[in-house]
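Working notes, beginning with the structure itself.
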């Protein structure tokens, strides 16, 4: 395998493209997300999205923030060649709701909020709370893993350029 | 930010290598040998070591106290002392004036100035308490995966160094390329395609 730091820098565009594709799916193809995840759920854009135009000589960054913020300026930025570098997501399942931010560069998760565990008073309570948190955190991490895996399979296939990218372009320019 | 906090940040790793049997004893040995040392009676600026998740200020790795369910749960602790530059300057000025008065000279040599500064810094380091920073981690040995509850570059770098030193195992940070290359079971053809990828032009 490539040197880790070389691989990190050379392929960080994969994380940006993943988040751009994910925004496209959320806006246009929720059923595809359900098929990938194989559970009744919804995924929505939360209160923050960051785009960067890496094709210009001087870096251009656009941050859209706020609970009811419109994303039109984000789409305009996409038209100019920007990609999504950071996105806040709301994941709702049957008995579950979580809010978290994914940064494209490293696919690290931050600001991850899951339902509260019970009050901890003893070691037994603490063990129960830890096991519950591991389960809840894993639900979110598995969601992002499954979506990313689907993205990579598409990205490494001919379908990416022949089918997916034209649909994303159509959305950006609609 | 701890594992049980209402909001967490997570950096994920894949672990390369296997431990000697019995695994829990090997892990306990690595933890005990690299447990956080007290920095308060020391002139060091920083100490890094492992501590217990349950009792981070009195680490104890006896038995299987670091095992919860099927996971190993413990914490990285970084204790730091930070002396404000203005405080160092003040104590340096006092000490330098005292030396000049004692020697009857008007100037100090470069070496004398450095010695005074080092002495002042060491003395202050012994006097100020350290600030502890705690970062929890969950290690799933069976799946060779580790979740570290911080995205801070400095904390992640300390984790990578201490983990390798303690257990002689490599931590590989999971980011887009390594997730695809190491965790997805891609075919040889897909891996070749992955290595050849270049950025997509979405604008057409």
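Residue numbers (the numbering used here), protein chains in the order written: chain A, 170 to 343; chain B, 2 to 205. In this text, a Cβ means the ideal position worked out from N, Cα and C, and glycines have one as well.
Hey, residue i and residue j are a contact pair by Cβ (cut 8 Å); roughly how many whole angstroms apart?
| i | j | result |
| --- | --- | --- |
| residue 17 of chain B | residue 170 of chain B | 7 Å |
| residue 340 of chain A | residue 196 of chain A | 7 Å |
| residue 220 of chain A | residue 252 of chain A | 7 Å |
| residue 151 of chain B | residue 10 of chain B | 6 Å |
| residue 71 of chain B | residue 143 of chain B | 7 Å |
| residue 289 of chain A | residue 298 of chain A | 5 Å |
| residue 37 of chain B | residue 60 of chain B | 6 Å |
| residue 318 of chain A | residue 126 of chain B | With 8 Å as the limit, residue 318 of chain A and residue 126 of chain B do not qualify as a contact, their Cβ atoms being about 49 Å apart. |
| residue 202 of chain A | residue 240 of chain A | With a Cβ gap of about 17 Å, residue 202 of chain A and residue 240 of chain A do not count as contacting. |
| residue 65 of chain B | residue 5 of chain B | Wrong, their Cβ atoms sit about 20 Å apart, outside the cutoff. |
| residue 122 of chain B | residue 95 of chain B | Incorrect: roughly 14 Å between the Cβ atoms, too far for contact. |
| residue 321 of chain A | residue 181 of chain B | 5 Å |
Pull the bridge partners of residue i from the DSSP assignment, please.
| i | result |
| --- | --- |
| residue 137 of chain B | B/76 |
| residue 142 of chain B | The partner list for residue 142 of chain B (beta bridge, DSSP) is empty, contrary to what the question assumes. |
| residue 279 of chain A | A/270 |
| residue 234 of chain A | A/217 |
| residue 257 of chain A | A/270 |
| residue 9 of chain B | A/281 |
| residue 36 of chain B | B/51 |
| residue 14 of chain B | B/147, B/174 |
| residue 132 of chain B | B/81 |
| residue 68 of chain B | B/73 |
Using 8 Å as the limit for Cβ to Cβ distance, is residue i near chain A?
| i | result |
| --- | --- |
| residue 174 of chain B | yes |
| residue 12 of chain B | yes |
| residue 59 of chain B | no |
| residue 134 of chain B | no |
| residue 152 of chain B | yes |
| residue 5 of chain B | yes |
| residue 162 of chain B | no |
| residue 147 of chain B | no |
| residue 73 of chain B | no |
| residue 29 of chain B | no |
Which residue from the options puts its Cα closest to that of residue i?
| i | options | result |
| --- | --- | --- |
| residue 285 of chain A | A/296, A/279, A/265 | A/265 |
| residue 53 of chain B | B/114, B/77, B/5, B/38 | B/77 |
| residue 73 of chain B | B/139, B/204, B/150, B/182 | B/139 |
| residue 79 of chain B | B/155, B/201, B/179, B/173 | B/155 |
| residue 325 of chain A | B/112, B/201, B/45, B/56 | B/201 |
| residue 292 of chain A | B/197, B/203, B/55 | B/55 |
| residue 178 of chain B | B/189, B/90, B/196, B/82 | B/196 |
| residue 81 of chain B | B/106, B/128, B/145, B/132 | B/132 |
| residue 47 of chain B | B/192, B/188, B/159, B/59 | B/159 |
| residue 149 of chain B | B/142, B/141, B/136, B/143 | B/136 |
| residue 327 of chain A | B/144, B/190, B/180 | B/190 |
| residue 128 of chain B | B/185, B/44, B/64, B/145 | B/44 |
| residue 343 of chain A | A/244, A/203, A/306 | A/244 |
| residue 69 of chain B | A/296, A/172, A/230, A/208 | A/296 |
| residue 49 of chain B | B/130, B/164, B/85 | B/164 |
| residue 203 of chain B | A/193, A/301, A/199 | A/193 |
| residue 3 of chain B | B/92, B/134, B/89 | B/134 |
Counting only the same chain and skipping the five closest in sequence on each side, list residues whose C-beta sits under 7 Å from that of residue i.
| i | result |
| --- | --- |
| residue 303 of chain A | none |
| residue 261 of chain A | 210, 211 |
| residue 315 of chain A | 205, 206 |
| residue 323 of chain A | 329, 333 |
| residue 249 of chain A | 222 |
| residue 242 of chain A | 231, 233 |
Kindly list the residues whose CB is nearer than 6 Å to the CB of residue i, restricted to its own chain and excluding five residues on each side of it in sequence; keep chain order.
| i | result |
| --- | --- |
| residue 184 of chain A | 273, 274, 276 |
| residue 120 of chain B | none |
| residue 153 of chain B | none |
| residue 20 of chain B | 27 |
Suppose the cutoff is 8 Å on Cβ atoms and the five residues either side in sequence are ignored; what does the same chain contact list for residue i look like?
| i | result |
| --- | --- |
| residue 109 of chain B | 97, 100, 101, 117 |
| residue 313 of chain A | 271, 276, 278 |
| residue 282 of chain A | 267, 268, 269 |
| residue 174 of chain B | 12, 13, 14, 157, 161 |
| residue 167 of chain B | 31, 32, 34, 35, 51 |
| residue 216 of chain A | 234, 235, 236, 238, 257 |
| residue 189 of chain A | 247, 252, 253, 337 |
| residue 224 of chain A | 250 |
At a Cβ threshold of 8 Å, is residue i touching chain B?
| i | result |
| --- | --- |
| residue 189 of chain A | yes |
| residue 210 of chain A | no |
| residue 243 of chain A | no |
| residue 319 of chain A | no |
| residue 337 of chain A | yes |
| residue 182 of chain A | yes |
| residue 324 of chain A | yes |
| residue 296 of chain A | yes |
| residue 176 of chain A | yes |
| residue 332 of chain A | no |
| residue 305 of chain A | no |
| residue 240 of chain A | no |
For a cutoff of 8 Å on Cβ pairs, would you count residue i as touching chain E?
| i | result |
| --- | --- |
| residue 69 of chain B | In the displayed structure, chain E is absent; the protein chains listed are A and B. |
Let me check you understand the geometry: is the CB of residue i closer than 7 Å to at least one non-hydrogen atom of the ligand FAD?
| i | result |
| --- | --- |
| residue 67 of chain B | Questions concerning the ligand FAD fall outside what the structure shown contains, since it holds no ligand whatsoever. |
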